[in-house]
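Q: A single structure is presented below for examination.
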Amino acid sequence: MQKPIFLENHQIIQPHSLALEIETGLLAEQAAIAPKFLYDALGAHLFTAITFVPEYYPTAVETSLLTQYKSEIAAAVGKNPVLIDLGAGDCKKAARLFESIQPASYLAIDFSVEYLKDSLEKLQNQYSDIPMYGIGMDFSKTLTIPDSITRSPRTFFYPGSSIGNFLPAEAETLLKQINREALGGGLLLGVDLMKADHVLQAAYDDPLKITAAFNLNILRSVNAIIDSNFDVSHFCHKVLINHLKERVELYLEARLDTAVSWHGKQRVFKKGELIHTENSHKYSIASIQHLLNRSGFHAIKIWTDPQQYFAVIYAQ
Ligand code: AVJ
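With my numbering applied, the sequence shown corresponds to residues 395 to 710, in that order.
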């Protein structure tokens, strides 16, 4: 049986630097925890659950765009690229492209490496003739592709509007790195578009409270990493729509005066105080085109739904 190759690499996630990043965020005036810490094993499953929530439109709309425009997308991408999946998760979105794109090889990158291991092994069994590689990497600051990956044109796949987690300036840095690493290939990107408040509110504060559970779970994920004692029941999920910055903001709000401590350190939270956990930037067709241009992409094809909720883009 064919096995995927897991690359142990230069950019291995350093548990020590992750703990430091969390501590710095907790001690900042506006407390914050980076969204990558949402994705421990339970968090990855809760996110998958979110994608099934009817109010969470991005996954459903993106999937229908990728299905409806499958042949046009494949024609734009070209045959047999090295397919590099950024934030692969369960690898299911990329797997749906295999038939039309026929990747020469597949590299799945994800922060949540344990989750990735399971999904990639299953996928390799289904597609034994595609060489598959996996790597646990935090590409939120730097993206470098290991030397073991062929230096032929690459198609980066960055779906789900995960690009929205970055500030526009950070997104530009990442997109420039993708542009450089593509070696003449391109980027297949999913981007969420700005829309009416009530649609965003329902998507990020769903009535089944799956998103609330996903957001609150970050406190457990933090407890496990820095050995802290967050009491999850002292916080609640809060969504704000920031029109000026064109983004949805997720927070955890203290329901009472409370505190968290770890290794002789402490952070006190007054009732109503917020911990920032995620930004989800929303673009317009014009603003995403402009960002891609600034990042070195000039040939841009866009597919969108009639309501203009979401865009799938191929950029070279
Ligand atoms: C995975 C970052 C695209 O911003 O919509 C979903 C994460 N957070 N519900 C998003 C998320 C709350 C999601 N991204």
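Think of the CB as a built atom: it goes at the ideal place given N, C-alpha and C, for glycine as much as any other residue. Since the model is a prediction, treat every value here as computed from it, not as a measurement.
If you draw a straight line from the alpha carbon of residue 500 to that of residue 488, how long is it in whole angstroms?
A: Against the sequence shown, residue 500 aligns to sequence position 106. Against the sequence shown, residue 488 aligns to sequence position 94. If you take the alpha carbons of residue 500 and residue 488, they lie about 9 Å apart.
Q: Assess contact between the stretch 533-545 and the stretch 663-678, defined as three or more Cβ pairs (one per stretch) separated by less than 8 Å. Is contact present?
A: No, the stretch 533-545 does not touch the stretch 663-678.
Q: Taking DSSP as the reference, what is the three-state secondary structure of residue 502?
A: As a first step, residue 502 must be located in the sequence shown, where it is residue number 108. Note: residue 502 maps to strand in three-state DSSP.
Q: In whole angstroms, give me the CA-to-CA distance for residue 478 and residue 527.
A: As a first step, residue 478 is located in the sequence shown; it is residue number 84 there, counting from the start. As a first step, residue 527 is located in the sequence shown; it is residue number 133 there, counting from the start. Near 9 Å, if we compare the C-alpha coordinates of residue 527 and residue 478.
Q: Can you give the beta carbon distance from residue 708 to residue 580, rounded, assuming they're within the 8 Å contact cut?
A: Within the sequence shown, numbered from 1, the residue matching residue 708 stands at position 314. Within the sequence shown, numbered from 1, the residue matching residue 580 stands at position 186. Yes, residue 708 and residue 580 are in contact; Cβ-Cβ is about 6 Å, under 8 Å.
Q: Decide if the stretch 436-446 is in contact with the stretch 591-608; the criterion is three or more beta carbon pairs, one per stretch, under 8 Å apart.
A: yes
Q: Between residue 679 and the ligand AVJ, is the CB less than 7 Å from at least one heavy atom?
A: Along the sequence shown, one-based indexing puts residue 679 at 285. Result no, Cβ not under 7 Å from the ligand AVJ.
Q: So, under 8 Å CB-CB, residue 427 and residue 612 are touching, yes? Tell me the CB distance rounded to an integer number of Å.
A: Taking the sequence shown and counting its residues from 1, one reaches residue 427 at position 33. Taking the sequence shown and counting its residues from 1, one reaches residue 612 at position 218. Going by Cβ atoms, the distance from residue 427 to residue 612 rounds to 5 Å, so yes, they are a contact pair.
Q: What residues match up with residue 526 in a beta bridge as DSSP calls it?
A: For the purposes of this step, residue 526 is identified with residue 132 of the sequence shown, where counting begins at 1. DSSP lists 500 as partners of residue 526.
Q: Classify residue 565 as buried or exposed, calling it buried when 16 or more other Cβ atoms lie within 10 Å of its own Cβ.
A: By one-based count along the sequence shown, residue 565 stands at place 171. Around the beta carbon of residue 565, 16 or more other beta carbons lie within 10 angstroms, which makes this residue buried.
Q: Regarding residue 640 and the ligand AVJ, is the C-beta to nearest heavy atom distance less than 7 Å?
A: Here residue 640 corresponds to residue number 246 of the sequence shown, with the count starting at 1. Incorrect: residue 640 has no Cβ contact closer than 7 Å to the ligand AVJ.
Q: Whose CA, out of 521, 396, 512, 682, lies closest to the CA of residue 555?
A: Within the sequence shown, the letter at position 161 stands for residue 555. Closest by alpha carbon: 682.
Q: Do the stretch 648-657 and the stretch 468-475 make contact, defined as three or more Cβ pairs closer than 8 Å?
A: no
Q: Kindly indicate which three-state DSSP category residue 537 falls into: helix, strand or coil?
A: Here residue 537 corresponds to residue number 143 of the sequence shown, with the count starting at 1. If DSSP states are grouped into helix, strand and coil, residue 537 belongs with coil.
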